[in-house]
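In my numbering, the protein residues as written are 433 to 586.
Here it is as C-alpha cells:
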C-alpha cells in the first residue's frame with residue numbers, strides 16, 4: 433500500500449512540472465510598478481500577474497495627465513512542443529503596439545533578469561528586464577537607440 437501511495441505522489445509531482453521542463457521563474461516581475469525619473473507630466477506604469485499555468489501577463493501604459501497616450505499588453509509563455517528548433521524555451525509576446533503581436537525569444541535568463549530578442553523588429557530588437565534592490569529596470573533598444581525605464585513597486 434505504501435509503495436502505491438509513493439507512486440501516486442511521484443506521478444502527481446511529475447505531472448505538475450511545466451510543459452517545457454524548464455525551471456525558469458519570473459516571479460520577481462509580479463506586482464504593480466510605477467516609473468521613476470520620468471520627464472514631463474507623463475506617468476508610466478506596468479503590472480505583471482502570474483497565471484495559474486505558469487505564464488505571466490503584463491500591462492504597460494503611459495498617462496499624460498489623465499489620458500492614455502501609450503498602451504501595450506505583454507505575455508511571457510513557454511514555447512509549445514510544436515515550436516521545437518527555436519533557440520528559446522520562453523517567449524515575450526507584445527500586443528497592442530503593432531497590428532500583429534510581436535514575439536521576442538527570451539535569452540540570457542538569470543534568477544532576476546532576462547533579455548528578449550527579435551532582430552526582425554525595427555524597434556526594439558532587444559528588451560532587457562532586471563530586478564535589483566527593489567527596483568525593476570527595463571531597457572528597450574536596437575543598434576542605434578536605447579530607452580531606460582526604472583520602476584518601483586507601488
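Virtual Cβ for every residue (Gly too), placed ideally from N, Cα, C.
Residue closest to residue i, alpha-carbon to alpha-carbon, out of the options
i           : options               : result
residue 542 : 526, 556 and 560      : 560
residue 507 : 571, 478, 579 and 562 : 478
residue 471 : 459, 463 and 494      : 494
residue 540 : 558, 483 and 468      : 558
Residue i and residue j closer than 8 Å at C-beta
i           : j           : result
residue 385 : residue 574 : An answer regarding residue 385 cannot be provided, because it is not within the stretch 433 to 586 covered by the chain.
residue 526 : residue 509 : no
residue 505 : residue 528 : yes
residue 564 : residue 544 : yes
Through-space distance from residue j to residue i, alpha-carbon basis
i           : j           : result
residue 461 : residue 581 : 14 Å
residue 511 : residue 496 : 36 Å
residue 551 : residue 577 : 14 Å
residue 546 : residue 499 : 31 Å
residue 585 : residue 532 : 30 Å
residue 473 : residue 549 : 31 Å
residue 572 : residue 553 : 12 Å
residue 489 : residue 535 : 14 Å
residue 482 : residue 457 : 10 Å
residue 492 : residue 459 : 17 Å
residue 503 : residue 566 : 24 Å
residue 468 : residue 501 : 17 Å
residue 377 : residue 521 : Absent from the model: residue 377. The displayed extent of the chain is 433 to 586, so no value can be given.
residue 389 : residue 476 : Nothing about residue 389 can be reported from this structure: the residues present for the chain run from 433 to 586 only.
Closer than 8 Å to chain D by CB, residue i
i           : result
residue 574 : Going by chain labels, chain D is absent from the structure shown, which holds only one protein chain.
Distance between beta carbons of residue j and residue i, contact taken as under 8 Å
i           : j           : result
residue 583 : residue 480 : 10 Å between Cβ atoms; not a contact.
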